Every structure is written in C-alpha cells, then in structure tokens.
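Working notes for the structure below.
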Amino acid sequence: MTIYGKEDGIITAYKNYKPEAQEQDLPGTEADMQPLAYPLEIECWDNDGNPYLEEYQGSGKLKGTSILITGGDSGIGRSAALMLAREGADISIAYLPEEQKDAEWVKNAVSKAPHGSKKCLLIPCDLQNEESAKKVIDAHVKEYGRINVLVNNASKQMKEKEFEKIDMAQVRSTFESNILGMFALTKYAIPHIPRGGSIINTASVVAYRGTPQMIDYASTKGAIVSFTRSLATHLAPKGIRVNAVAPGPVYTPLQPASRTPEEMEGWETGKPPLRGRMAQPAELGPAYVFLASNMMSGTMSAQVLHLNLGQLAAS
156 MTIYGKEDGI
166 ITAYKNYKPE
176 AQEQDLPGTE
186 ADMQPLAYPL
196 EIECWDNDGN
206 PYLEEYQGSG
216 KLKGTSILIT
226 GGDSGIGRSA
236 ALMLAREGAD
246 ISIAYLPEEQ
256 KDAEWVKNAV
266 SKAPHGSKKC
276 LLIPCDLQNE
286 ESAKKVIDAH
296 VKEYGRINVL
306 VNNASKQMKE
316 KEFEKIDMAQ
326 VRSTFESNIL
336 GMFALTKYAI
346 PHIPRGGSII
356 NTASVVAYRG
366 TPQMIDYAST
376 KGAIVSFTRS
386 LATHLAPKGI
396 RVNAVAPGPV
406 YTPLQPASRT
416 PEEMEGWETG
426 KPPLRGRMAQ
436 PAELGPAYVF
446 LASNMMSGTM
456 SAQVLHLNLG
466 QLAAS
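This is how it looks when you write it as structure tokens:
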C-alpha cells in the first residue's frame with residue numbers, strides 16, 4: 156500500500172497532505188484551494204491497483220431523517236453533509252451567498268450519492284443576523300417538516316499577532332458568527348426537533364489548548380464546549396442529545412483565508428505526534444454520522460469527540 160509522506164516520517168494515505176503557498180479572502184472557497192482537499196467522489200489506488208482509501212459508503216443509518224448543516228458548503232461541513240446524505244438523510248446546508256459555487260457542488264454531489272436520499276436544500280444566509288437564523292429554520296421545516304439533526308458548524312477566524320491591536324469590531328463579528336449565531340439557530344430549531352433528535356456543534360482543539368494569535372476565535376470555541384454541555388442537560392428531558400466535535404488542524408478554505416501564503420506552505424508538517432500533517436475534511440465526516448445516529452451513539456450526550464491528530468489529550 157502506498158503511504159504518502161513516509162519519507163518525511165509522516166504517515167498518511169492522502170497525496171495532498173502538504174498545502175501549497177496560497178491565500179484567499181474570507182470566508183474562502185473549496186474550489187480555490189491548492190491542492191484541493193481530498194475529494195469524496197473518487198477512490199485512491201496504489202501502484203498494484205488495490206484501493207487504499209475508499210469512498211465513504213453509507214448503509215441507511217439515517218434513512219427518513221432530515222438534517223440541517225451550517226457551513227455545509229465546504230471543509231468539515233461539506234464532508235459531514237455528503238456522508239450524512241449517503242446514510243439516507245435529507246440535507247439542508249446554510250452558507251454565505253459568496254460561497255454559492257461550493258454549495259452547488261455539494262448539492263450536485265448529494266444528488267449522485269449512492270444509496271443516499273439525493274435531497275439537498277440550499278439556503279444562502281448570514282447567521283450573524285438573528286432574523287436570518289429564523290429564516291433558515293423556516294426554510295428547512297417548510298421543505299422537510301422537521302429537524303432530526305442540527306449541525307452547528309459554521310465559524311470564522313482571523314489572526315492578530317498583538318492583542319493590544321485587536322479590532323473590537325472583529326471580536327464582535329467572530330462572536331456573532333461562531334457562538335451567538337449558534338444560539339439563535341438552536342433557539343428556533345428546538346421546537347422542530349422531535350424526541351430522539353440530536354444537535355452536533357463544531358468546537359476546536361484550541362478551546363482546550365488555546366492559540367496565541369486567534370484569542371477571540373479560541374474563546375468562542377471554549378464557549379461552544381460549555382454551550383454543548385449545558386444545553387445537553389437542559390434538553391435531556393425532551394430526549395434530544397447534544398454533543399460536539401473538537402477538530403485539530405484540518406485543511407479547509409478557512410485556513411488560506413486566515414493565514415499568509417508563507418504560513419500555508421507545508422503547514423503543520425514536522426510536528427509530533429501525528430501533527431506531521433493536517434487532517435483532510437473526509438476524515439472528520441464519520442464523527443458527525445456517529446453522533447447523528449441513535450443506533451451508534453444513543454447513550455452519548457454532553458460529550459466532545461477530540462479529533463486532533465494527537466496534539467492534545469483532553470476530556
């Protein structure tokens with residue numbers, strides 16, 4: 156089996172584990188990444204013709220459910236949307252209007268999903284606006300009648316090397332996008348989530364280890380962890396589970412949109428223990444399937460899954 160990066164002491168099955176020097180404006184688009192993140196629509200084969208990285212295949216775990224995913228046009232959200240669809244779920248993705256091209260790619264991919272529902276509603280919006288959050292919920296419920304799973308995934312990050320120079324408008328925008336929007340969307344979603352439903356929030360490893368140049372971003376992710384645990388106990392009597400995923404470094408459009416080209420080139424290489432590479436979004440998607448499925452995680456609530464390439468052991 157071909158193991159890419161083995162000559163560098165980096166073990167990964169992905170060819171594109173090292174990004175090129177690149178830069179984008181926020182929010183960033185999947186289509187403009189160099190190289191592209193691992194595309195879910197193909198399989199990878201070694202020199203002997205044997206598959207070493209196979210397409211995610213669903214088995215109907217979520218058939219008959221409807222799932223709303225924010226930031227589902229690219230990165231981790233895209234991976235979650237495609238894998239949840241391949242488990243039979245009807246999908247809605249909420250995204251910024253400037254991400255339309257990525258969103259249409261996801262809808263097309265869902266329509267071709269083997270054994271999937273093939274339904275994907277596109278909802279352009281800005282979740283920093285409370286009214287938009289309500290419109291997103293209304294659009295999804297009008298299409299599907301209920302919300303079995305809400306995936307609060309959308310977020311933004313911006314770097315600032317000197318805290319005393321941080322722009323307070325930036326801080327407010329980051330909180331509005333990452334946690335206040337999550338509050339609003341969840342508030343309007345809960346009346347439409349039946350018993351047995353699930354809420355999945357995307358946190359981050361930086362909620363636990365911190366990060367010196369994105370203090371506002373890390374603070375919102377810490378808030379998401381507390382939000383997850385508190386909301387889980389609040390919704391337990393309704394039979395709704397609430398959990399989170401805390402990724403480590405992942406190759407998504409948010410990275411070139413918040414880093415310099417020099418910072419992106421070879422990003423995350425040469426650091427222990429598994430940090431010789433960043434994760435590909437495709438490696439995160441199965442965690443969302445796990446948390447969405449009562450068959451797989453029906454006893455799990457108020458928990459955080461740590462998918463951080465071993466860079467932090469945390470509870």
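All letters in the sequence shown, in the order written, are residues 156 to 470 by our numbering. Even glycine gets a Cβ: it sits at the ideal position worked out from N, Cα and C. Since the model is a prediction, treat every value here as computed from it, not as a measurement.
In terms of DSSP beta bridges, what is residue 280 paired with?
-> Locating residue 280 in the sequence shown gives position 125, counting from the first residue. For residue 280, which the question treats as bridged, DSSP gives no partner whatsoever.
Would the segment 239 to 248 and the segment 215 to 228 be scored as touching if the rule is three or more Cβ pairs under 8 Å?
-> yes
Would the beta-carbon of residue 344 fall within 7 Å of that of residue 387?
-> Residue 344 sits at position 189 when you count from the first residue of the sequence shown. Residue 387 sits at position 232 when you count from the first residue of the sequence shown. Not closer than 7 Å, so no.
Following the continuous alpha helix (DSSP H) through residue 361, name the residue where it begins and the one where it ends.
-> Along the sequence shown, read from residue 1 onward, the residue named residue 361 stands at position 206. Residue 361 -> alpha helix (DSSP H) spans 361 to 364.
Take the Cβ of residue 382 as the centre, count every other Cβ of all protein chains shown within 10 Å, and call the residue buried at 16 or more, exposed below.
-> In the sequence shown, the residue the question calls residue 382 occupies position 227. Classification for residue 382: buried.
Within the segment 255 to 341, ranges of the beta strand (DSSP E) (whole runs, at least 3 residues) | 275 to 279, 304 to 307
If residue 358 and residue 400 are in contact, beta carbons under 8 Å, what's the gap, nearest whole angstrom?
-> If you number the sequence shown from 1, residue 358 lands on position 203. If you number the sequence shown from 1, residue 400 lands on position 245. Correct: roughly 7 Å between the Cβ atoms.
Give me the Cα-Cα distance between residue 122 and residue 368, rounded to the nearest whole angstrom.
-> Since the first and last residues shown for the chain are 156 and 470, residue 122 lies out of range.
Taking C-alpha atoms, which residue in 253, 284, 293, 228 lies nearest to residue 265?
-> Along the sequence shown, one-based indexing puts residue 265 at 110. Among 253, 284, 293, 228, the Cα nearest to that of residue 265 is on 228.
Between the beta-carbon of residue 446 and the beta-carbon of residue 462, is there less than 7 Å?
-> As a working mapping, residue 446 is identified with position 291 in the sequence shown. As a working mapping, residue 462 is identified with position 307 in the sequence shown. Contact: no.
Tell me which same chain residues have a C-beta within less than 6 Å of the C-beta of residue 268, skipping the five on either side of it?
-> In the sequence shown, the residue the question calls residue 268 occupies position 113. The residues are 240, 241.
Is it true that the CB of residue 272 sits closer than 7 Å to the CB of residue 281?
-> Counting from 1 along the sequence shown, the entry for residue 281 is found at position 126. Counting from 1 along the sequence shown, the entry for residue 272 is found at position 117. Taking 7 Å as the Cβ cut-off, residue 281 and residue 272 do not qualify as a contacting pair.
Answer with buried or exposed for residue 351, where buried requires no fewer than 16 other C-beta atoms within 10 angstroms of its C-beta.
-> Sequence index remark: in the sequence shown, residue 351 carries index 196 (1-based). The residue is exposed, with fewer than 16 neighbouring Cβ atoms inside 10 Å.
Is residue 402 helix, strand or coil when you go by DSSP?
-> Taking the first residue of the sequence shown as position 1, residue 402 is located at position 247. Residue 402 falls in the strand class under three-state DSSP.
Residues near residue 451 by beta carbon distance below 8 Å, same chain, minus five either side = As a working mapping, residue 451 is identified with position 296 in the sequence shown. Hits under 8 Å: 216, 444, 445.
Straight-line CA distance for residue 378 to residue 338?
-> For the purposes of this step, residue 378 is taken as residue 223 along the sequence shown, with counting starting at 1. For the purposes of this step, residue 338 is taken as residue 183 along the sequence shown, with counting starting at 1. The alpha-carbon atoms of residue 378 and residue 338 are separated by roughly 11 Å.
Which partner residues of residue 434 appear in the DSSP bridge assignment?
-> Walking along the sequence shown from the start, residue 434 turns up at place 279. 405.
Residues bridged to residue 223 [DSSP beta-bridge criterion] = On the sequence shown, residue 223 is found 68 positions in, with the first residue counted as 1. Paired residue(s): 247, 305.
With C-beta atoms as the reference, is residue 223 less than 7 Å away from residue 335?
-> Residue 223 sits at position 68 when you count from the first residue of the sequence shown. Residue 335 sits at position 180 when you count from the first residue of the sequence shown. In this structure, residue 335 does not lie closer than 7 Å to residue 223 by Cβ.
N- and C-terminal bounds of the alpha helix (DSSP H) containing residue 370 | Within the sequence shown, residue 370 is the residue found at index 215, counting from 1. Per DSSP, residue 370 belongs to the alpha helix (DSSP H) from 370 to 390.
Beta-carbon proximity list for residue 391, same chain, < 8 Å, skipping 5 on both sides | Here residue 391 refers to the residue found at position 236 of the sequence shown. 456.
Residue 333 versus residue 256: straight-line alpha-carbon distance, rounded | Translated into positions along the sequence shown, residue 333 becomes position 178. Translated into positions along the sequence shown, residue 256 becomes position 101. The alpha-carbon atoms of residue 333 and residue 256 are separated by roughly 22 Å.
Could you give the C-beta distance for residue 402 and residue 231, rounded to a whole number, given that I count them as a contact under 8 Å?
-> As a first step, residue 402 is located in the sequence shown; it is residue number 247 there, counting from the start. As a first step, residue 231 is located in the sequence shown; it is residue number 76 there, counting from the start. Between residue 231 and residue 402 the Cβ distance is about 6 Å, and since that is below 8 Å, they are a contact.
Inter-residue spacing [alpha-carbon to alpha-carbon] between residue 296 and residue 279 | On the sequence shown, residue 296 is found 141 positions in, with the first residue counted as 1. On the sequence shown, residue 279 is found 124 positions in, with the first residue counted as 1. Using only the alpha carbons, I get a separation of about 15 Å.
Extent of the continuous beta strand (DSSP E) run through residue 345 | Position 190 of the sequence shown, counted from the first residue, corresponds to residue 345. Per DSSP, residue 345 belongs to no beta strand (DSSP E) and is neither H nor E.
For residue 231, which three-state DSSP category applies?
-> Within the sequence shown, numbered from 1, the residue matching residue 231 stands at position 76. Three-state result, residue 231: helix.
Alpha-carbon to alpha-carbon, residue 300 and residue 275 = Residue numbering aside, residue 275 sits at position 120 when the sequence shown is read from its first letter. Residue numbering aside, residue 300 sits at position 145 when the sequence shown is read from its first letter. Computed Cα separation, rounded: 14 Å.
Quick one: what does DSSP say residue 456 is sitting in, helix, strand or coil?
-> For this step, residue 456 is matched to residue 301 along the sequence shown. Residue 456 falls in the coil class under three-state DSSP.
Please classify residue 214: is it buried, with 16 or more other beta-carbons within 10 angstroms of its beta-carbon, or exposed?
-> Position 59 of the sequence shown holds residue 214. Flag for residue 214 reads exposed.
First and last residue of the beta strand (DSSP E) that includes residue 356?
-> The residue given as residue 356 occupies position 201 in the sequence shown. Residues 353 to 357.
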